[in-house]
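First comes the structure, then the notes that go with it.
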Amino acid sequence: MNYLAHLFLSGDDEDLRLGNFIADSVRGAQTLLYPDRVQQGIRLHRLIDSFTDSHPIVAETKERLRPKFRKYAAVVADVYYDHFLAANFQAFSPQPLPDFAQLAYAQVQARPELLPERVHHFLPYMVRHNWLVSYAQIEGITRALQGLSSRAKFDSGMETAGEELLLNYSFYQLEFERFFPELQHYVQKEVILLS
Numbered sequence: 038m039n040y041l042a043h044l045f046l047s048g049d050d051e052d053l054r055l056g057n058f059i060a061d062s063v064r065g066a067q068t069l070l071y072p073d074r075v076q077q078g079i080r081l082h083r084l085i086d087s088f089t090d091s092h093p094i095v096a097e098t099k100e101r102l103r104p105k106f107r108k109y110a111a112v113v114a115d116v117y118y119d120h121f122l123a124a125n126f127q128a129f130s131p132q133p134l135p136d137f138a139q140l141a142y143a144q145v146q147a148r149p150e151l152l153p154e155r156v157h158h159f160l161p162y163m164v165r166h167n168w169l170v171s172y173a174q175i176e177g178i179t180r181a182l183q184g185l186s187s188r189a190k191f192d193s194g195m196e197t198a199g200e201e202l203l204l205n206y207s208f209y210q211l212e213f214e215r216f217f218p219e220l221q222h223y224v225q226k227e228v229i230l231l232s
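Quick note: the sequence shown uses our numbering, first residue 38, plus one each step.
Structure below.
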């Protein structure tokens, strides 16, 4: 899952949300430098990634993507799933997506001393271009994937992933709709265990 899903799945807990958001920029023992609940958010992020990466429905999505995007199929799948969450946010939350996004940005920006350098680097751009809301549109997802492609170490093909999404939209949407409620249920149980 990508940024929107990780932020959303943290519920209303600001520290859990912050940890979940920064987790990809925190390595190994660095986790111990954070307050306990932020550490739990970092762990939650990794549990979400593990559950997602090993789920058979997500495997279907990645298998469809692999011929075009090879080792980047999982990255493309994560971004597609964030698109479907954003595009259908009202089905998962009573809070409108623009309101959720502004709250999430404000919560993360309120704790600059806890943000890793990598997050300090991309967060202003993320907020300025309102990535979380832009994910709801094909154009926003296409821009996100083009940006990822430009930063990839190898030829990824991700710059064409917006076209692939349009071509097989209903397949990817159905897989997301089957998968995401299972992920939500898993996260609800894990959040209780982390508390």
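All residues carry an ideal CB built from backbone N, CA and C; glycine is no exception.
Counted within 10 angstroms of its Cβ, other Cβ atoms place residue i as buried (16 or more) or exposed
{"i": "Glu190", "result": "According to the sequence as given, residue 190 is Lys; it is not Glu. Under this definition Lys190 is an exposed residue."}
{"i": "Phe1", "result": "No information on residue 1 is available, as it lies outside the stretch 38 to 232 that the chain covers here."}
{"i": "Leu204", "result": "exposed"}
{"i": "Gly65", "result": "exposed"}
{"i": "His222", "result": "exposed"}
{"i": "Ala110", "result": "buried"}
{"i": "Lys99", "result": "buried"}
{"i": "His157", "result": "exposed"}
{"i": "Phe159", "result": "exposed"}
{"i": "Tyr162", "result": "exposed"}
Own chain residues within Cβ distance below 6 Å of residue i, not counting five before or after
{"i": "Ala173", "result": "Ala123 and Ala124"}
{"i": "Gly56", "result": "Val75, Gly78 and Ile79"}
{"i": "Ser186", "result": "Ser193, Met195 and Glu196"}
{"i": "Ser171", "result": "Gly177"}
{"i": "Gln127", "result": "none"}
Residue i, enclosing alpha helix (DSSP H) - first and last residue
{"i": "Thr58", "result": "With the sequence shown as reference, residue 58 is identified as Phe, and Thr is not the correct amino acid for it. It spans Glu51 to Ile59 - the alpha helix (DSSP H) in which Phe58 sits, taken as one unbroken run."}
{"i": "Val95", "result": "Pro93 to Phe106"}
{"i": "Ser87", "result": "Asp73 to Asp90"}
{"i": "Leu151", "result": "Leu151 -> no alpha helix (DSSP H), and no H or E assigned at all."}
{"i": "Tyr109", "result": "Run containing Tyr109: none; DSSP gives neither H nor E here."}
{"i": "Phe45", "result": "Tyr40 to Leu46"}
{"i": "Leu240", "result": "Coverage of the chain is limited to positions 38 through 232, which leaves residue 240 absent and any answer about it impossible."}
Inter-residue spacing [alpha-carbon to alpha-carbon] between residue i and residue j
{"i": "Leu152", "j": "Ser62", "result": "9 Å"}
{"i": "Leu220", "j": "Glu212", "result": "12 Å"}
{"i": "Phe208", "j": "Leu70", "result": "42 Å"}
{"i": "Gln76", "j": "Ile229", "result": "15 Å"}
{"i": "Ile59", "j": "Thr68", "result": "10 Å"}
{"i": "Glu150", "j": "Arg165", "result": "20 Å"}
{"i": "Thr179", "j": "Glu97", "result": "21 Å"}
{"i": "Pro133", "j": "Phe121", "result": "15 Å"}
{"i": "Glu214", "j": "Ser130", "result": "15 Å"}
Cβ shell of residue i (< 8 Å), same chain only, five flanking positions each side left out
{"i": "Leu182", "result": "Val113, Val116, Met195, Glu196, Ala198 and Gly199"}
{"i": "Gln54", "result": "Correcting the residue type first, residue 54 is Arg in the shown sequence and not Gln. Cβ within range, chain order: Leu44, Ser47, Gly48, Gly78, Ala141, Gln144 and Val145."}
Same chain, Cβ closer than 7 Å to residue i, neighbours up to 5 away in sequence not counted
{"i": "Gly48", "result": "Val228"}
{"i": "Ile175", "result": "Gly199, Leu202 and Leu203"}
{"i": "Pro72", "result": "Asp52"}
{"i": "Asn167", "result": "Ala138"}
{"i": "Arg148", "result": "Leu55"}
Ignoring anything shorter than 4 residues, give me the alpha helix (DSSP H) runs that lie fully in the segment 156-217, in order along the chain. 168-171, 175-188 and 198-204
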